[in-house]
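Structure first, then comments.
Residue numbers (mature numbering (1 follows the signal peptide of the UniProt record, and there is no 0)): -19 to -1, 1 to 284.
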């Protein structure tokens, strides 16, 4: 990803975070580091043994494997680090060298997904775990090291530390996910194919940039109609058909709080491709594509 795209992704997150008070900590970042240093993308490695390390900031975003150490210089009461991987990867986070005082109100929590402006991605309807099961709390664990594994390509940690010189080290590792579901895109353009095989579950692909989407191929287990139509509410024809794809828009990340734009519950090819492309040009809103209750589902699209 280019430096310009790194900045764009970070600014999108800053906009979404403005409602929870985290953005006030940006002023603590040394200006000499530059905006782009907030986003750690894949580093060029000189050897297979290279391990990336750098300090972790109170408000940070990570997109590479490595070790990130946070040491408080003053009370830091509302901190978060967002971690993102490629769509076909999941994230493993491990805490070590932790020096905090849980009895004084310090905490470190790993979350399976992202929380932005009080909204969760993936939404509770789309995630396989119950809401409370998505949190891993260091202060509730008796182990010296605590780890968590994400169900999708994004994860995050929340932390609050009162005393200077207290801190921890966060290890980030990525592993391959053969059947990704609930994806947050870190690019404003590209193409992606999602296959949901022999699973009845909700999946989504979220793009936080204004985009135009073109669906190039769609294969669903059940098909009941052959129309593409705009709508303002979910049509019973698709929602009751078993497998379907719904395009949603909004300014948050929770699919249950977005407004429907269009739905499809039939296999798509030929003329349907251009019709959908001409129809969906949605600047200034977030687009999420969700496949509900899919059994065998294949989807390809450009954005």
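Built from N, CA and C at the ideal position, the CB exists for glycine as well.
What is the DSSP secondary structure of residue i, counted as helix, strand or coil?
i: residue 236; result: helix
i: residue 120; result: helix
i: residue 114; result: helix
i: residue 50; result: strand
i: residue 160; result: coil
i: residue 185; result: strand
i: residue 171; result: coil
i: residue 150; result: strand
i: residue 194; result: coil
i: residue 241; result: strand
i: residue 41; result: strand
i: residue 260; result: Any answer about residue 260 is weak, because its pLDDT of 38 lies below 50 and its placement is not dependable; what the coordinates show is given next. Residue state, collapsed to three classes: helix.
Between the options, which lies nearest to residue i when the distance is taken from Cα to Cα?
i: residue 149; options: 155, 156 and 141; result: 141
i: residue 54; options: 193, 153 and 144; result: 144
i: residue 91; options: 194, 98, 112 and 82; result: 112
i: residue 77; options: 238, 234, 184 and 147; result: 147
i: residue 305; options: 68, 121, 108 and 73; result: The requested residue 305 does not occur in the structure, where the chain is confined to residues -19 to 284.
i: residue 97; options: 171, 49 and 189; result: 189
i: residue 165; options: 185, 116 and 79; result: 185
i: residue 110; options: 191, 44 and 163; result: 163
i: residue 45; options: 63, 52 and 93; result: 63
i: residue 161; options: 47, 48 and 72; result: 72
i: residue 235; options: 94, 131 and 85; result: 94
Taking the continuous beta strand (DSSP E) assigned at residue i, which residues delimit it?
i: residue 227; result: 225 to 231
i: residue 141; result: 135 to 142
i: residue 35; result: 34 to 36
i: residue 129; result: 127 to 130
Buried or exposed: residue i, going by 16 or more other Cβ atoms within 10 Å of its Cβ?
i: residue 127; result: buried
i: residue 286; result: Outside the modelled stretch of the chain, which goes from -19 to 284, sits residue 286, for which no answer is possible.
i: residue 103; result: buried
i: residue 177; result: buried
i: residue 34; result: exposed
i: residue 213; result: Its pLDDT being 36, under 50, residue 213 is placed unreliably by the model, and the measurement read from it follows with that caveat. Label assigned to residue 213: exposed.
i: residue 32; result: exposed
i: residue 243; result: buried
i: residue 37; result: buried
i: residue 183; result: buried
i: residue 124; result: exposed
i: residue 153; result: buried
i: residue 156; result: exposed
i: residue 171; result: exposed
i: residue 117; result: buried
i: residue 131; result: buried
Is the closest heavy atom of the ligand MG to the C-beta of residue i under 7 Å?
i: residue 37; result: Judged by which ligands are present, the structure shown has none, so any question about the ligand MG falls away.
Could you pull out every unbroken alpha helix (DSSP H) segment of at least 4 residues lying fully inside the stretch 52 to 108, listed in chain order?
none
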